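Protein chains in written order, with the numbering used here: chain A, 118 to 257; chain B, 223 to 348.
Please read the structure below before turning to the comments.
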């Protein structure tokens, strides 16, 4: 292997096996990497969850402060992205669990379930925010 | 008679008998998290904009405390397993890899402990 790297045959560039950039993006492939990306994002996002319960446990001032930050336009944006990632990871995770039973592997099925996950992610996230805004009016 | 090769026996490295443990725990925590996350999103949406007193009343319910503890525990375990695979996939320098794997464990234990203690404190009305 070291030979190939050093160009053992007189500096000849040897061909490499095809990698990511030669493939046309498909839905199953895009959702696969998105599942990992959202997982990594949610990893950091758990700090948000911990902050929320810790602020409630710390007292009224800390809680009011947390509400102020989360309620700001930037806070809402971060929370929206968090909810989008969470709903996607949840739905695509269910898709993975179905695959674990050996079902849904046919290419058309895998494509269809991928689109379904994407559409449901948008619909359910927006529905949750709709309920959230309605609840805010109610609590005002 | 053993079918292991003499070299394998000398090294003493056989199956660690934990082949599918990582895979299995990833699925167990995933299944547990499905209803827990649905409940969390519904609760958060329903309590949006609620004041401190209502939040405390929510946390004081035993069922909410129990579900939150399960959620934080299953999440910490699930994300520890997930991030471990990401590190193992992309980091090939032995020292860096081991350091990151340890930091991953520390972070997930910290999340579980901090979240868990706060929830317990809230449950007991502290």
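All residues carry an ideal CB built from backbone N, CA and C; glycine is no exception.
The model shown is predicted, which means the values in this text are computed figures rather than measured ones.
| Asked | Found |
| --- | --- |
| Measuring only the C-alpha atoms, how far is residue 208 of chain A from residue 231 of chain B? | 46 Å |
| Is residue 346 of chain B buried or exposed, if buried means 16 or more other CB atoms sit within 10 Å of its CB? | exposed |
| With a CB to CB cut of under 8 Å and the five nearest residues on each side skipped, what residues in its chain are close to residue 138 of chain A? | none |
| Which residues, in chain order, does the region 199-225 of chain A contribute to contact with chain C at a C-beta distance below 9 Å? | Of the protein chains in this structure, namely A and B, none is chain C. |
| Is the beta carbon of residue 179 of chain A less than 8 Å from the beta carbon of residue 172 of chain A? | yes |
| Quick one: is residue 243 of chain B near chain A, going by C-beta distance under 8 Å? | no |
| Can you tell me which of A:168, A:205, A:175, A:192 puts its alpha carbon nearest to the alpha carbon of residue 147 of chain A? | A:205 |
| Near residue 237 of chain A, which residues of its chain fall below 7 Å by C-beta distance, leaving aside the five closest residues on each side in sequence? | 208 |
| If I measure Cβ to Cβ from residue 319 of chain B and keep anything under 8 Å in the same chain, skipping five residues before and after, which residues do I get? | 309, 310, 313 |
| I need the DSSP call for residue 212 of chain A, collapsed to helix, strand or coil. | helix |
| Relative to the alpha-carbon of residue 152 of chain A, which residue among A:231, A:182, A:191, A:241 has its alpha-carbon at the smallest distance? | A:231 |
| Give a yes or no on whether the C-beta atoms belonging to residue 252 of chain B and residue 210 of chain A are separated by under 8 Å. | yes |
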